[in-house]
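Under our numbering, residues 5 to 145 are what the sequence shown spells out, in order.
What follows is a short report on a single structure.
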Amino acid sequence: MLEKNFFVSYYMSLSPVYVQENDTLYRAIEAMKIFKVDTISVIKEDFSLIGCLTKKKIKNILKLHFSKNINLLENIKVKDIIGKDKIPVIIYPNTDIEDAFSIMKCLNNTCIPVVNEPWEKKLVGVLWLDDVLSVIKELPA
């Protein structure tokens with residue numbers, strides 16, 4: 005069994021960047037710019053995670069719809085574009101850091117939301133690839 009400092013809880017950010025499902029696309033873009041992130045978690049009012057919004061997804065939405073409606077950023081809700089057919093990849097605080105790294109590498113993700121329990125999915129943090137890379141080098145072989 006791994007020591008406790010090789011679990012995700014030791015390396016995750018306890019201040020995850022998120023927007024609520026009823027926030028506007030404009031609000032999501034502003035939050036991503038302020039916090040300098042390419043992916044932002046989308047939560048319900050009770051902090052349960054319902055998805056993630058990426059810069060790539062936003063660019064695709066803007067390419068498709070921006071010319072039709074100049075007010076798109078203020079009119080569209082985040083929940084309408086996150087893709088409810090896709091379940092977000094999540095991990096838990098007690099996930100092994102090597103397992104988290106494998107998931108991130110396989111999916112080419114720069115971050116993964118960390119939730120408390122599978123049945124609640126309350127957002128408790130975010131694990132960033134940069135934080136994982138610094139620790140992976142130090143793990144015993």
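Even glycine gets a Cβ: it sits at the ideal position worked out from N, Cα and C.
Inset, instruction - Check each candidate in 139, 133, 32 and 12 and name the one with the smallest Cα separation from residue 78. - result: As a position in the sequence shown, residue 78 is number 74, starting the count at 1. Measuring from the Cα of residue 78, the nearest candidate turns out to be 32.
Legend entry - Inter-residue spacing [alpha-carbon to alpha-carbon] between residue 120 and residue 104: As a working mapping, residue 120 is identified with position 116 in the sequence shown. As a working mapping, residue 104 is identified with position 100 in the sequence shown. Approximately 15 Å, taken between the alpha carbons.
Legend entry - Closest residue to residue 115 among 135, 52 and 123 (Cα-Cα distance): Position 111 of the sequence shown, counted from the start, is the residue given in the question as residue 115. Cα-wise, what sits closest to residue 115 is 135.
Legend entry - Three-state secondary structure assigned by DSSP to residue 66: For this step, residue 66 is matched to residue 62 along the sequence shown. Helix at residue 66.
Legend entry - Beta-ladder partner(s) of residue 115, from DSSP: By 1-based counting over the sequence shown, the position of residue 115 is 111. Paired residues: 132.
Legend entry - Opening and closing residue of the alpha helix (DSSP H) in which residue 41 lies: Position 37 of the sequence shown, counted from the start, is the residue given in the question as residue 41. The continuous stretches of alpha helix (DSSP H) do not include residue 41, and DSSP gives it neither H nor E.
Inset, instruction - Evaluate residue 110 with the Cβ neighbour count: other Cβ atoms within 10 Å of its Cβ, from every protein chain shown; 16 or more gives buried, anything less gives exposed. - result: Here residue 110 corresponds to residue number 106 of the sequence shown, with the count starting at 1. Its Cβ having fewer than 16 others within 10 Å, residue 110 is exposed.
Inset, instruction - To the nearest angstrom, report how far apart residue 93 and residue 55 are at their CA atoms. - result: The sequence position of residue 93 within the sequence shown is 89, counting from 1. The sequence position of residue 55 within the sequence shown is 51, counting from 1. Between the C-alpha atoms of residue 93 and residue 55 there is a straight-line separation of about 9 Å.
Inset, instruction - Let me know the secondary structure DSSP gives residue 22 once reduced to three states. - result: Here residue 22 refers to the residue found at position 18 when the sequence shown is read from its first residue. Reduced to three states, the DSSP call for residue 22 is strand.
Inset, instruction - Tell me whether residue 91 sits in a helix, a strand or coil according to DSSP, three-state version. - result: Within the sequence shown, residue 91 is the residue found at index 87, counting from 1. Residue 91: coil per DSSP, three-state reduction.
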